[in-house]
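Protein chains in written order, with this note's numbering: chain A, 230 to 379; chain B, 230 to 379; chain C, 230 to 379; chain D, 230 to 379.
Glycine residues also receive a C-beta, built at the ideal position from the N, C-alpha and C atoms.
No experiment lies behind these values; they were computed from the predicted model shown.
Working notes, beginning with the structure itself.
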């Protein structure tokens, strides 16, 4: 991906709000790689509602910079699950973040269980070390595997 | 403020990214009330760079819903400071969030001390109880006054 | 309204794309003044789909500038109708534009007649002189009243 | 490119404002193919200010749809030039548009001549038939080659 001109602001770098759109692109690609197009998930009547988001802006991104997004499901706890994100430009990691989601049945407007294919996917994940667990980078954290208690 | 149609997404509610633009509006109004237009701050050569953001989406906001933003500086620690936000619609608080900022001198691209007028403003603040300290709502927290150690 | 920081780009002024969101705000307020909330129109099963848009950027708008939006229905022709817009800041008109819309029944996904209340509203309009008729400002045009042939 | 979820609105399709951001991506890629990164143009002190934009939305684009953008400079007239755009999804052309630009020297804030490399590029263009010349598709138009009178 490249930073679009419309995503910059008068500071000359990507506006802080642009990152959540990029995270959204990242998790939709991640789901696609798991074989589950979000368009299908959505049109199938389920939404993955964002209930919480956290972003650590380590370095600004200027217009036209190319970067990659890594996204992975890093934890499932009851009816919610968490995606972790890393943005990298040529110099390395420039942004980290997490979003926590609830699965909602649109017709009944009720929370539903996280789909089994996502639970399975996160069980098989071991290369991602949860960065912030929705806590700031300054927090004390011990390295530990993703939470799966669903 | 009202939720704009362009701020909704195919779920029929405000997209999760729209909130950071609203927080930005909120803190610029807050600075204006303190007598410091951000346009002046910015054109004076200083930027307040966002280094971290946290959002708790408690209830979704649908198109055309009117809501208010409360923003207040809730803590200053060295060269960074934190704004807290609460969005309310007719039914009460629907979103909480925080953003942490560093003051940067644009010409020298270096962090500079938080301006004295902002330190003063936060010292006088006592009605805001820090909601998340950039931690999730589920974290254990004791209620305490804003941090000022600058 | 004020230009939001997130609406500016690295040129230091409002990004060209921000204007269409403002036009959208303008026409929704216009409909509200006519007694027809677009939220009601939309949830009533009809959408006013944009089929064409034209913008003349006369002067750039910088961050935090206050401006007003004037919007009026300036013509109805068969199943489509046209809104005209003028944005003004302290120095006068800075942007003009038009959007042409089709009324669509969402359930059947078919074009439907423009609602009678909108036809009536535009008949009563006489102060707006169509600026561009979706043609560039440089086009030869004679001043004439809004088209109503619905 | 794919339609991002954040680019859709409550109608379930891409919001009308998203297209101008896509056009911007398209013309920046076009300039890059001509060997002129817009980041370089911009940091070299020149901006290509949008003075006019026109969009014909032929068919809506739903979330996650893949599409391509074709952009070409279709005319130069004095100090301004015009880009034409065509968006295509799997079913063919779904959007057409044009943007007219002025070259501005940022330091002196004055219009400057269109760069010779762009004049040259448009002279060599012959496959693009100007779609709307910033007039609506319904206008009478005869097919003619791009204007170059700079």
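| Query | Result |
| --- | --- |
| To the nearest angstrom, how far is the alpha carbon of residue 302 (chain D) from that of residue 237 (chain C)? | 25 Å |
| If we count the other Cβ atoms within 10 Å of its Cβ and call it buried at 16 or more, is residue 269 (chain D) buried or exposed? | exposed |
| What does DSSP give as the partner residue(s) for residue 298 (chain C) in the beta ladder? | C:316 |
| By how many angstroms is the C-alpha of residue 312 (chain D) removed from the C-alpha of residue 249 (chain A)? | 30 Å |
| Taking the alpha helix (DSSP H) that residue 253 (chain A) falls in, what are its first and last residues? | 247 to 262 |
| Would you be able to state if there are at least three C-beta pairs under 8 Å between the stretch 260 to 274 of chain A and the stretch 336 to 347 of chain A? | yes |
| Starting from residue 285 (chain A) and walking both ways along the alpha helix (DSSP H), at which residues does that stretch end? | Not the alpha helix (DSSP H): residue 285 (chain A) falls in the beta strand (DSSP E), residues 275 to 286. |
| With distance defined between alpha-carbon atoms, name the residue in D:276, D:253, D:332 nearest to residue 307 (chain D). | D:332 |
| State whether the stretch 291 to 305 of chain A contacts the stretch 278 to 290 of chain D, with contact taken as three or more CB pairs (one from each stretch) at a distance under 8 Å. | no |
| For a contact defined as C-beta to C-beta under 8 Å, what are the partners of residue 260 (chain B) on chain A? | Chain A residues near residue 260 (chain B): none, gap ~15 Å exceeds 8 Å. |
| Specify the secondary structure class of residue 325 (chain C) as computed by DSSP and reduced to three states. | strand |
| Is it the case that the Cβ atoms of residue 231 (chain D) and residue 294 (chain D) are separated by a distance below 8 Å? | yes |
| With a Cβ-Cβ cutoff of 8 Å, do residue 282 (chain C) and residue 284 (chain D) count as a contact? | yes |
| Take the Cβ of residue 246 (chain B) as the centre, count every other Cβ of all protein chains shown within 10 Å, and call the residue buried at 16 or more, exposed below. | buried |
| State the beta-bridge partners of residue 333 (chain B) as determined by DSSP. | B:276, B:340 |
| So what does DSSP say about residue 348 (chain A), is it helix, strand or coil? | helix |
| Am I right that residue 317 (chain B) and residue 323 (chain B) are in contact with their C-beta atoms under 8 Å? What's the rounded C-beta distance? | 7 Å |
| For a contact meaning CB atoms closer than 9 Å, what does residue 234 (chain A) contact in chain C? | 238, 239, 240, 244 |
| Enumerate in chain order the residues of its own chain whose CB-to-CB distance from residue 341 (chain C) is below 6 Å, with the five nearest sequence positions on each side excluded. | 332, 334 |
| Taking residue 292 (chain D) as the query, report the chain B residues whose CB atoms sit under 9 Å from its CB, ordered along the chain. | 238, 239 |
| Per DSSP, residue 231 (chain B) forms a beta bridge with which residues? | B:295 |
| Applying a beta-carbon distance threshold of less than 9 Å, which residues of chain C neighbour residue 193 (chain D)? | The displayed coordinates of chain D run from 230 to 379. Any statement about residue 193 (chain D) would go beyond what the structure contains. |
| Determine, using beta carbons only, whether residue 239 (chain A) and residue 292 (chain C) come nearer to each other than 8 Å. | yes |
| Roughly how many whole angstroms lie between the Cα atoms of residue 381 (chain A) and residue 352 (chain B)? | Only positions 230 to 379 of chain A appear in this structure, which leaves residue 381 (chain A) out of reach. |
| Kindly say whether residue 353 (chain B), judged by its beta-carbon, lies nearer than 8 Å to any beta-carbon of chain C. | no |
| Restricting to Cα atoms, I'd like to know which of A:241, A:336, A:321 is closest to residue 272 (chain D). | A:241 |
| Cβ of residue 266 (chain C) less than 8 Å from any chain D Cβ? | no |
| Which residue wins for smallest C-alpha separation from residue 254 (chain C), given the options C:289, C:274, C:315? | C:315 |
| In angstroms, rounded to a whole number, what distance separates the CA positions of residue 296 (chain C) and residue 326 (chain D)? | 27 Å |
| So what does DSSP say about residue 243 (chain A), is it helix, strand or coil? | strand |
| Am I right that residue 336 (chain A) and residue 274 (chain A) are in contact with their C-beta atoms under 8 Å? What's the rounded C-beta distance? | 6 Å |
| Just the C-alpha distance for residue 309 (chain B) and residue 261 (chain B), rounded to the nearest angstrom, thanks. | 19 Å |
| How should residue 256 (chain A) be labelled, buried or exposed, when 16 other C-beta atoms within 10 angstroms of its C-beta is the threshold for buried? | buried |
| Taking the alpha carbon of residue 338 (chain D) as the point to measure from, which residue in C:259, C:289, C:235 has its own alpha carbon closest? | C:289 |
| Report the rounded CA-to-CA distance for residue 259 (chain A) versus residue 305 (chain C), giving the unit in angstroms. | 46 Å |
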